[in-house]
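Asker:
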Amino acid sequence: MLKIAIIGFGNLGQSLAKTFADLGHMVLAHSRCDQSKMAQDLDISYFSDPQDLCEQNPQVILLCTSIISTESVLKSLPFQHHRLDTLFVDMLPVKEFSKALLLKLLPSYIDVLCTNPMFGVERGKHEWNGMFFVYEKVRIGSDGVGISFCDNFLNMFEKEGCRMVEVSCSEQDKYVAGEQFITHTVGRVLGMLTLESTPINTKGYETLLDLVDNTARDSFDLYYELFMYNKNAFEMFERLDLAFDTLKKQLFGYLSDVVRKQVFDNAEKVKMGHEEYMMSNPSHNGAASESSSKDMRSHNIAQVSNSKAQIISDHFDDNSRLKIAIVGFGNFGQFLAKTIIRQGHIVLAYSRSDYYDVAQKLGVTYCSDVEELCKENPEVILFCTSILSTEKVLRSFPVQRLMRNTLFVDVLSVKEFPKNLFLQKLPLNFDILCTHPMFGPESGKNGWEALPFVYDKVRVGSDESRVSL
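Heads up, the sequence shown is in the working numbering, so the first residue is 27 and it goes up one at a time.
1) Just to confirm, are G204 and E153 a CB contact at a threshold of 8 Å?
2) Nearest CA to the CA of F105: which residue from S92, S196, D137 and M117?
3) Spell out a yes or no on whether the segment 456–475 and the segment 418–436 are touching, meaning 3 or more CB-CB pairs, one atom from each, closer than 8 Å.
4) Cβ of F361 within 7 Å of any heavy atom in the ligand NAD?
5) Name the residue from G50, D67 and K29 whose alpha carbon lies nearest to the alpha carbon of Q40.
6) Looking at K401 and I372, is the spacing between their C-beta atoms short of 8 Å?
7) Check this for me: beta carbons of I87 and A55, under 8 Å apart or not?
8) Just confirm the distance between the C-beta atoms of F35 and S71, as a whole number of angstroms; I'd bet it's less than 8 Å.
9) By DSSP, does I327 sit in helix, in strand, or in coil?
10) What would DSSP say about K471, mapped onto helix, strand or coil?
11) I'd like to know whether the C-beta atoms of L449 and L420 end up nearer to each other than 8 Å.
12) With a 10 Å radius around its C-beta and 16 neighbouring C-beta atoms as the bar for buried, classify Y392 as buried or exposed.
13) When burial is assigned at 16 or more other CB atoms within 10 Å of the CB, is Y250 buried or exposed?
14) Would you check if there are 3 or more beta carbon pairs closer than 8 Å linking the segment 156–171 to the segment 222–230?
15) Which value, in whole angstroms, describes the spacing of the CA atoms of A242 and L234?
16) Does the beta-carbon of D383 have 16 or more other beta-carbons within 10 angstroms, so that it is buried, or is it exposed?
17) Let me confirm a value: Y280 is counted as buried when at least 16 other C-beta atoms fall within 10 Å, else exposed. Which label applies?
18) Going by beta-carbon coordinates alone, are C410 and F465 separated by less than 8 Å?
19) Report all residues from its chain with a CB closer than 7 Å to the CB of S124; omit the five preceding and five following residues, and keep chain order.
20) To the nearest angstrom, report how far apart L28 and R109 are at their CA atoms.
21) Can the beta-carbon of E222 be found closer than 8 Å to that of V193?
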């Protein structure tokens, strides 16, 4: 059993104290703010005066102070009252600073162990199993007592399932700058965007929302200290700023004037063509009025069932057999093809790159060019192309060879662009369905059940055969 004095009895100190006490160790506590009530609730001895604490001859003194207050706290301790074999342990998130400070202010006969539990009160509130605990034995006496105190202290965390990693303080700071500091920075930047949960959150977006939530629980003082007292943090901040600037230049470099015009300047032309079609089809999906048309164009959300995955929409009759042509047979096209085939549909594929062998293994008929693809008379043409190449691919289609009621579907990750493009380039007798499966090969590898599938019936003819597609 160890006698452990915790200096700095905030959230982290209290969390550690509870675990230490549960493990059978004697725990003492001191803090600048009066935490006697909390200590009493945890059945821990509390001392308002650090001299009274030190007179209890603790074997281990654990510093859970803020980075900025550590020096003044150390200077206030009466070292003459300490045991000669006392072990000082710090848990500050910056290590070179705390190591240098402890070596500077502590007498040479006092042992020093610098640690960094890579979890906080929130992440470690239930258990520490699998969490990293990083440490450096900065100065441990060669006598058996000092080694025993150090080993017994570390064993507490190992027995609780922590993954123990012995790393120098300088290496720890490098890792922390690339991990904790960058995490806090990204979390705070995203927090300033006031991101909100949506009905169609992807798993990646959920992770970002969790990150914002986690970083919001930490004070700005902690973030400032991670920046101020870790010499690697400024370099990481500069690299982040440079990376963002480089990415922005790359994006705007691709966004040429031609693409800008195609994406943004043709809205009026699209609107006129679409309204002309709507006027010539007054019973279009029951949407005769402007208000009902807007309702129809609004995004609908379908929860995808694993056993009856609705590839096209919730109106898809899974008993009917469709002939579906997938254009763009990369990872995502192959990913969709597997499920479509499993449901018993006929799948054709075409891509700029040669995926003949992959298609053959999946049971897909691979076409070497779009002419060959269109001769097969697919009922549905599913675009899985990149956003940038979609217009070029669409222009290459010999639409005159297709059936008049062919349904064009896209799964691009942006929606207004393909919608406008399809309305511009496709004859009025072709139907258009814009979709966005909010999952990919990774998040959907174990099935699509409960994953959101978003769609907009942009232009679907009113006759039964077209609606059923």
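We put the beta carbon where it would ideally sit given N, CA and C, even for glycine. No experiment lies behind these values; they were computed from the predicted model shown.
Answerer: With the structure as the only source:
1) No, the Cβ-Cβ distance between G204 and E153 is not below 8 Å.
2) Put simply, of S92, S196, D137 and M117 the residue whose alpha carbon is nearest the alpha carbon of F105 is D137.
3) Per the Cβ contact rule, the segment 456–475 is in contact with the segment 418–436 (3 or more Cβ pairs under 8 Å).
4) This structure lacks the ligand NAD; in fact it carries no ligand of any kind.
5) The option with the nearest alpha carbon to Q40 is D67.
6) It is not a contact, given that the beta carbons lie outside the stated cut-off.
7) No, the pair does not count as a contact, with Cβ atoms beyond the cut-off.
8) With 8 Å as the limit, F35 and S71 do not qualify as a contact, their Cβ atoms being about 11 Å apart.
9) Confidence is the limiting factor: at I327 the pLDDT is only 42, short of 50, which leaves the residue's position unreliable, though a coordinate-based value still follows. Strand.
10) Per DSSP, reduced to three states, the secondary structure at K471 is coil, with no helix or strand assignment.
11) No.
12) Buried is the call here.
13) By the 10 Å Cβ count, Y250 comes out exposed.
14) No, the segment 156–171 is not in contact with the segment 222–230.
15) The straight-line gap from Cα to Cα measures roughly 12 Å.
16) Looking at its Cβ environment, which holds fewer than 16 other Cβ atoms inside 10 Å, D383 is exposed.
17) Exposed.
18) No; because the gap between Cβ atoms is not below 8 Å, this pair is not in contact.
19) Result list for S124: T96, D116, L118 and C140, in chain order.
20) Using only the alpha carbons, I get a separation of about 14 Å.
21) No.
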